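Comments concern the structure below.
There are 2 protein chains.
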Amino acid sequence: MVNIKDVAARANVSVGTVSRVLAKNKTVGKELRETVEATIRELNFQPSGVARGLRRSRTDMIGLVIPDITNPFFAELAKHVEASASGAGYSVLLCITNDDPAIEAAQITSLLKSYPTGMIVVPTQSGGPTGWGERELPAIAVDRPFGGHPLISVDHRAGAGLAARHLIDLGHRRIAYIAGPDDAPVSRQRREGFVQALAEADIEAVCVSGQFDYQSGEALGRFLLQRAPGVRPTAVATASDQQAIGLIRAATDLGLSVPGDVSIIGFDDIPLANLVTPRLTTIRQPVASIAASAVAIMVGDTPMPEGDALMEATLVVRSSTAAPGPEQSSE
Amino acid sequence: MVNIKDVAARANVSVGTVSRVLAKNKTVGKELRETVEATIRELNFQPSGVARGLRRSRTDMIGLVIPDITNPFFAELAKHVEASASGAGYSVLLCITNDDPAIEAAQITSLLKSYPTGMIVVPTQSGGPTGWGERELPAIAVDRPFGGHPLISVDHRAGAGLAARHLIDLGHRRIAYIAGPDDAPVSRQRREGFVQALAEADIEAVCVSGQFDYQSGEALGRFLLQRAPGVRPTAVATASDQQAIGLIRAATDLGLSVPGDVSIIGFDDIPLANLVTPRLTTIRQPVASIAASAVAIMVGDTPMPEGDALMEATLVVRSSTAAPGPEQSSE
DNA sequence: CTGTTAGCGCTTTCAA
DNA sequence: TTGAAAGCGCTAACAG
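Keeping their order, the protein sequence lines are chains A and B. The first sequence begins at 1 in the working numbering and counts up by one. The second sequence begins at 1001 in the working numbering and counts up by one.
Below, the structure is given as structure tokens:
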């Protein structure tokens, strides 16, 4: 592989000069700079990121730590993080924790060996340890809080409030909520936002909790919907689109029509939400913006924020919600 | 950060010795080795992967190049690759190409800067360029051929044949096939396998092609199913589960029951396949094995194969396929 | 503005 | 079996 010395020799300059043109340092004479640039192209020189990293104790890499790449929301996040990062000349080191604090700790320790510029982490639900040895490494948390690091996430409370108000506006009064794990802050915040918005309209929600996945939505949904029409909720909101999709399945299996018999509203707006039958009304998270801000901070385009940054969620109305049927509204 | 010199000093040995115990080199005296190991733990020493990488011109990283992490099949692949890699002490550098050959080339070039041990690539559909400069880097292709590199993938032809035979065995004769992009080898192979298996039973398939995504499945499905019961196919197979799910949606929208009016069979067995209504009959790819073999080769546990390795697909029968209704079989 | 040079932290001969 | 020392390719002082 051709190195900086080869380029210097070929261009009749010192390695220092080559290094400076690489760094786009303005203190290089125009003429010389052009010669060097030509030589670089001619030799197809690719500076070693490893050598550079060793010298600067920092590589152009960003660690991305997520619980599960198979979750459409995290996949979307990863996609945008990768796009922003590579746009800024950074690579992304992928770590999957499986929502296991021990694996998370191991992954982070292992990450450090590559001297990444920083890391973007969606921590384990159970909120594991916060530190990772001495090395000072900029980190920002996404979606869920991570130690004392600045958090970028959607405003879960406000988003859930949006969902609640949508259901209320539609005329629903008997409303249920399927939450995520009780020990997950994200889950709690969404539930609280939902319950509070309902309380403001003097409505009490029946809440059940489980995981964020399809199965949970289906199982909990079955539980919720298996009761007489006059008692059964006319609308149910979920903490994730995956749960909502499982819920639709449960409703269908029970012979219930959505939204005829039950209105359903999800959270996240994963790609699939727009493809299920009926198309899912949901709360959209601004994933792209979240990813972009996180990367901007890591690469230094934006200063590390002092506190947390809450991005705004938006209501996406599709076909899984409607006004309750007349016979249903009888309380 | 503590380095190898600190450890050496603290343990009263030379850095060479420390390095040797790090490398699990047997030529270190038992006693010395234990002292050094103790010191390493005591100082919580993490050897720098960057320095190591520079010295050896190779880091413990594997490049993973995929078109789209949002595609459940690739997400699954990424998950297993990450798991195998980190199990072997390697990190994974994630590159997303968006199925764009130009981005793919740029990503690969950029990967090289980190001296990865090798790369696992699911190349762009259109089969872009094959080389990436001079540096010799082990690469293995997954799912789709990539230049002259060994390919690990499911046996697309045989898998599609399985689907065809399942439909035939069920009694279907009017069968359609929704393929992926015509310029994608994967797509061609699946279609050929399907068509050929049908031909062996003297059945001719009507084939249409599009993308591998939900939308394509839905659009093409609408096109295929919008015809009179006596002409409409009684079964349709798709090149991907996503298409099949879109297709189910199209059928439902058209008032057709699955599998009552049409049987549907997908390909891949993504997690969602088991959650849609009806649960999707499909052809399962052994993703975990594919990922594990690819990683095993990269980390040197397995020699680089001479030719391509085709893994066996399996038929997963669920509820989206059934024998055609009596009135349908009238040709 | 440009050249020289001392490392970054580690592995790997080469000696002892 | 262990130590000493030469770099891997680059950046960042420091001189000139």
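For glycine and all other residues, C-beta sits at the position ideal for the given N, C-alpha and C. These figures come from a predicted structure and were not determined experimentally.
- Listed along the chain, the chain B residues whose CB falls inside 7 Å of the CB of G53(A) are V1050.
- Residue contact check for S1209(B) against chain A: no CB pair falls below 7 Å.
- When the five nearest sequence neighbours on each side are left out, the beta carbons in the same chain lying within less than 7 Å of the beta carbon of G53(A) are those of T59 and Y115, in order along the chain.
- Counting only residues of its own chain and dropping the five nearest sequence neighbours on each side, K1005(B) has a CB closer than 7 Å to the CB of V1015.
- In the three-state DSSP reduction, R1052(B) falls in the helix class (H, G or I).
- Between the segment 1289-1308 of chain B and the segment 1258-1278 of chain B there are fewer than three inter-stretch CB-CB distances shorter than 8 Å, so the stretches are not counted as touching.
- Below the 9 Å Cβ cutoff, chain B contributes no neighbours of Q243(A), its closest Cβ being approximately 11 Å away.
- I140(A) is positioned such that its CB atom lies closer than 7 Å to that of I120(A).
- With contacts defined by Cβ atoms closer than 7 Å, G246(A) and G217(A) form a contacting pair.
- With distances taken between CA atoms, T1117(B) lies nearest to A1296(B) out of D1308(B), P1123(B), G1221(B) and A1296(B).
- For the pair I69(A) and A75(A), the Cα-to-Cα distance works out to about 5 Å.
- Taking C-beta atoms as the reference points, T238(A) and I168(A) fail to come closer than 7 Å.
- The contact set of G246(A) on chain B, defined by CB atoms closer than 8 Å, consists of L1275 in chain order.
- It is roughly 25 Å from the alpha-carbon of D1241(B) to the alpha-carbon of I66(A).
- Unbroken beta strand (DSSP E) stretches of 3 residues or longer found wholly inside the segment 141-171 of chain A: 151-154, given in chain order.
- In the DSSP assignment, A250(A) falls outside any beta strand (DSSP E) and lies within the alpha helix (DSSP H) extending over D241 to D253.
- As the crow flies, the alpha-carbon of V1317(B) is around 22 Å from that of I1290(B).
- Taking the Cα positions, A102(A) is about 11 Å away from P123(A).
- In the three-state scheme derived from DSSP, where H, G and I count as helix and E and B as strand, L315(A) is classed as strand.
- Scanning A158(A), C207(A) and P185(A) for the CA closest to the CA of R174(A) turns up C207(A).
- Only buried fits E82(A), as 16 or more other CB atoms lie within 10 angstroms of its CB.
- Not flagged as an interface residue toward chain B: R56(A), since no C-beta distance is shorter than 7 Å.
- At a cut-off of 7 Å between C-beta atoms, R144(A) does not count as an interface residue with respect to chain B.
- Taking 8 Å as the upper bound on Cβ-Cβ separation, chain A lies near residues L1064, D1068, I1069, T1070, P1072, A1075, E1076, A1078, K1079, E1082 and A1083 of the segment 1063-1083 of chain B.
- Contact annotation for Q1107(B) against chain A: S86 [CB-CB distance below 8 Å, chain order].
- A straight-line Cα-Cα distance of about 11 Å links K79(A) and A292(A).
- With a cutoff of 7 Å on beta-carbon distance, R284(A) and T321(A) are scored as not near each other.
- Relative to the Cα of S209(A), the nearest Cα in the group R227(A), E34(A), R55(A) and D182(A) belongs to D182(A).
- In the DSSP annotation of this structure, the continuous segment of the alpha helix (DSSP H) that includes V1195(B) starts and ends at P1185 to A1199.
- If you check the CB distance, A288(A) and V142(A) do not come in under 7 Å.
- Using a Cβ-Cβ cut-off of 8 Å, L93(A) is close to M1061, S1091, V1092, L1093 and L1094 of chain B, given in chain order.
- In terms of beta-carbon proximity, S114(A) lines the interface with chain B, with at least one pair separated by less than 7 Å.
- When C-beta atoms of the segment 1036-1047 of chain B are compared with those of the segment 1007-1014 of chain B, three or more pairs fall below 8 Å, so the two segments count as touching.
- Interface residue (Cβ-Cβ distance to chain A less than 7 Å): Q1046(B) is classified as such.
- Around the beta carbon of E1031(B), a 10 Å sphere encloses fewer than 16 other beta carbons of the protein chains shown; the residue is thus reported as exposed.
- When D155(A), G325(A), A309(A) and E136(A) are compared, the shortest CA-CA separation from G230(A) is found for G325(A).
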